[in-house]
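Undergrad: Got a structure for you, questions after.
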Amino acid sequence: MSTTLSDAPKGASDVEVKHTECFIDGKWVPAASGKTFATINPATEQEIAQVAEGDAEDVDAAAKAARHAFESGDWPKMDARDRGRLMYRLADRMEEEIQSLAALETLDNGKPYRDSLTADLPLAIDAIRYYAGYADKLHGSTIPIRGKYLCYTRREPVGVAGQIIPWNFPLLMLAWKWGPALAAGCTIVMKPAEQTPLTCLRMAQIAKEVGFPDGVINVVPGFGPTAGAACVKHPLIDKIAFTGEHRTAQIITRDSADTLKRLTFELGGKSPNVVFADADLDAAVQGAYIGLFLNQGQCCCAGSRVFVQKECHDEFVEKLTALTMKRKVGDPFSADTEQGPQVDRDQFDKIMSYIQKGKGEGANCLTGGNRVGEQGYFVEPTIFDDVRDDMAIATDEIFGPVMSVLTFDDKEDMLRRANNTFYGLAAAVWTRDLSQAHDFAARVRAGTVWVNCYDVFDAAAPFGGFKMSGYGRELGEEGLKPYTESKTVTVAL
Ligand code: ADP
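All residue numbers for the sequence shown refer to the numbering used here, where the first residue is 810 and numbers rise by one.
Below is the structure:
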């Protein structure tokens, strides 16, 4: 895989946008309404391109194409192993185009090019390959029931999967959703986020070129309450896989009631990252820094509540602040940039308002707290110390580079506070005491727990939330289940 930065694009003008229409039944088509919307470069606030604004009519066409492809034609006839081979080809092409895909991701989302190239793309390719290997390994079992019968189960694809993804990791979220759906033999209607439709559209073309039959993968760009809601309500779509805010998931739950869709949700978080005084403090500082500031703070699993034990608080905060003050914010195409802009004006305004709330509620702003420059949605990496549990910056998901440091003394009290949130996506603990680490891992209410590390992802390790951080799991073998139905067959002997 060529992940060298030496031939990185010099900037936005170096990046080619090839696809801006809806991709339905293997063809590029404008939205039925003829409407388009602008996708914006968050580093410059300039329009990159006008993209087709899909709505109910386009979703209807996509759902019909996906249904048709699911029921007839080459896809259901294809041997599972060949389906896997097609997926390997898709991953190979992503690898061949890794630089142009990474550049397009950076242009549309604002994340540093070096992150797109060395993290987002390799992880996305890995997820497609991981699930490609599963295509011919999904099988049922034979079951010894009473009487003279042969009883067995079949694992069948759930049908047409509606997939609605966010803007923070556009390609990676696509891979987490296409991977298990295609391996299971489903067909897809995907609605990318309105902020970042470009790499998803590019992937549709790549899928066509490597040989996915028409209708297997359809992409309808557009807005949530229109195109997204149309997917959720469409009777020909069997399942919705959604990543985004819990409030949107609540709307989706209501909108899907009439068609009783299978639902999987990967939602937000306010994840506790706990540092005990016996920890390797330098590693913990690094883990807190990455755990929050990665991807401009726009991670559902961001370690946004950093609980630090009293004895090591001063040293920890001093080291963390020094590291954070050096963080290089700027042009995402520049090789030394560590932090790009936030994705859009709404997110930028929301983050700045939380920073104001933090200051207003009396938290101690150790560094940051301001906009960077006058163009683009850049925010200084910000650390608040002396944060109380009831402050807005400690309870709400900010989705930006704003860290809250909370101090604790007693372990039991810390555990109660760490769990005192309606979220439960991720958690981490830093300690040299094995029992302490495992005790925390067992008692924290979160879908992922990292011990002496943070943000370690792998296609084989399930990811998802407790409580209002979602339900169902993505990745790993568990991630396949929601894309299948189990059928019991009983044969009289
Ligand atoms: P974020 O605040 O991160 O944008 P959202 O939950 O609003 O989170 O968006 C995630 C995805 O959900 C996007 O693709 C968005 O268009 C879509 N979406 C938003 N509202 C709805 C809705 N009512 N029905 C279906 N999809 C929606």
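Every residue gets a Cβ at the ideal spot worked out from N, C-alpha and C, and that includes glycine.
Do the stretch 1228–1241 and the stretch 1084–1093 touch if we need at least three Cβ pairs shorter than 8 Å?
TA: For the pair of segments examined, the stretch 1228–1241 was found to touch the stretch 1084–1093: the number of CB pairs separated by less than 8 Å reaches three.
Undergrad: Is it the case that the stretch 1243–1259 contacts the stretch 907–920, given that we only count it when at least three CB pairs across the two stretches are under 8 Å?
TA: no
Undergrad: With distance defined between alpha-carbon atoms, name the residue in P839, W987, T1146, L1010 nearest to A900.
TA: Ranking the options by Cα distance to A900, first place goes to W987.
Undergrad: Does the Cβ of K1303 lie closer than 7 Å to at least one heavy atom of the ligand ADP?
TA: No answer is possible for residue 1303: the residues shown for the chain start at 810 and end at 1302.
Undergrad: Which parts of the stretch 832–888 are runs of the beta strand (DSSP E), unbroken and 3 residues or longer, counting only runs that do not cross its ends?
TA: 836–838, 845–850, 855–861
Undergrad: Beta-carbon within less than 6 Å of T1035's beta-carbon, same chain only, minus the 5 sequence neighbours each way: which residues are those?
TA: D864
Undergrad: In or out: C1110 buried (at least 16 other Cβ within 10 Å) or exposed?
TA: buried
Undergrad: Exposed or buried, H1043, counting other C-beta atoms within 10 Å across all chains shown (16 or more means buried)?
TA: Burial state of H1043 is buried, judged by a 10 Å Cβ sphere holding 16 or more other Cβ atoms.
Undergrad: Determine, using beta-carbon pairs with one atom in the stretch 1093–1110 and one in the stretch 1145–1153, whether at least three such pairs fall under 8 Å.
TA: With the cut-off at 8 Å, the stretch 1093–1110 and the stretch 1145–1153 touch.
Undergrad: Would you mind working out which of A970, A1016, K1017, V1298 sits nearest K1000, comparing C-alpha positions?
TA: Of all alpha-carbon atoms in A970, A1016, K1017, V1298, the one lying nearest the alpha-carbon of K1000 is that of A970.
Undergrad: Could you give the C-beta distance for P1141 and P921, rounded to a whole number, given that I count them as a contact under 8 Å?
TA: 5 Å
Undergrad: DSSP three-state label for R1226, please.
TA: helix
Undergrad: Given a threshold of 16 other Cβ atoms within 10 Å of its Cβ, counted over all protein chains shown, does C1262 qualify as buried or as exposed?
TA: exposed
Undergrad: For T1130, collect the residues of the same chain with a Cβ closer than 7 Å to its Cβ; drop the 5 residues on either side in sequence, then sort them by chain order.
TA: Excluding residues within five positions, the ones whose Cβ falls inside 7 Å are L1175, T1176, I1192.
Undergrad: Would you report the Cα separation of K886 and L1243, rounded to the nearest angstrom?
TA: Cα to Cα, the separation comes out at about 52 Å.
Undergrad: If you run the structure through DSSP and keep just helix, strand and coil, what is A1111?
TA: coil
Undergrad: Use the C-beta contact count for G942: other C-beta atoms within 10 angstroms, 16 or more gives buried, fewer gives exposed.
TA: Here G942 is exposed, its C-beta having fewer than 16 other C-beta atoms within 10 Å.
Undergrad: If you run the structure through DSSP and keep just helix, strand and coil, what is I1046?
TA: coil
Undergrad: What do you reckon, are the CB atoms on L991 and D929 nearer than 8 Å?
TA: Result no, Cβ atoms of L991 and D929 do not sit closer than 8 Å.
Undergrad: What is the C-beta distance between L1217 and K1276, in whole angstroms, given that I count them as a contact (C-beta under 8 Å)?
TA: A small fix is needed here, since residue 1217 is Phe in this sequence, not Leu. About 21 Å; that fails the 8 Å criterion.
Undergrad: Please confirm whether L1360 and R1063 have their CB atoms less than 8 Å apart.
TA: Residue numbering for the chain in the displayed model covers 810 to 1302; residue 1360 lies beyond these limits and cannot be assessed.
Undergrad: Name the DSSP bridge partner or partners of F1217?
TA: Q1118
Undergrad: Go through its chain and collect everything with a Cβ distance to V1094's Cβ below 7 Å, but skip five positions before and after it.
TA: F1125, K1128, L1129, L1132
Undergrad: Less than 7 Å between the CB of V1238 and some heavy atom of the ligand ADP, yes or no?
TA: no
Undergrad: How close, in whole Å, do the beta carbons of A1268 and A936 come, if the pair is a contact with beta carbons under 8 Å?
TA: Right, their Cβ atoms sit about 4 Å apart.
Undergrad: My understanding is that G1024 touches H1247, with C-beta atoms under 8 Å, so please give their C-beta distance in whole angstroms.
TA: Going by Cβ atoms, the distance from G1024 to H1247 rounds to 49 Å, so no, they are not a contact pair.
Undergrad: Which same chain residues end up closer than 8 Å to K1168 when comparing Cβ atoms and leaving out the 5 residues on each side of it in sequence?
TA: C1174, G1178
Undergrad: Between the Cα of G1053 and the Cα atoms of F1208, P1081, R1180, which residue gives the shortest distance?
TA: F1208
Undergrad: Does K1070 pass the burial test, meaning 16 or more other C-beta atoms within 10 Å, or should it be called exposed?
TA: buried
Undergrad: Give the straight-line distance between the Cα atoms of K1166 and A1201, rounded to the nearest whole angstrom.
TA: Each residue's alpha carbon lies about 7 Å from the other.
Undergrad: Could you tell me whether the Cβ atoms of C1040 and V860 are closer together than 8 Å?
TA: Cβ atoms of C1040 and V860: not closer than 8 Å.
Undergrad: Taking 7 Å as the cut-off, is the C-beta of E1054 nearer than that to any heavy atom in the ligand ADP?
TA: Within the cutoff, so yes.
Undergrad: Assuming N918 contacts W976 under a Cβ cut-off of 8 Å, what Cβ separation, rounded to an integer in Å, is found between them?
TA: Indeed, because the Cβ distance is near 6 Å, the residues count as touching under 8 Å.
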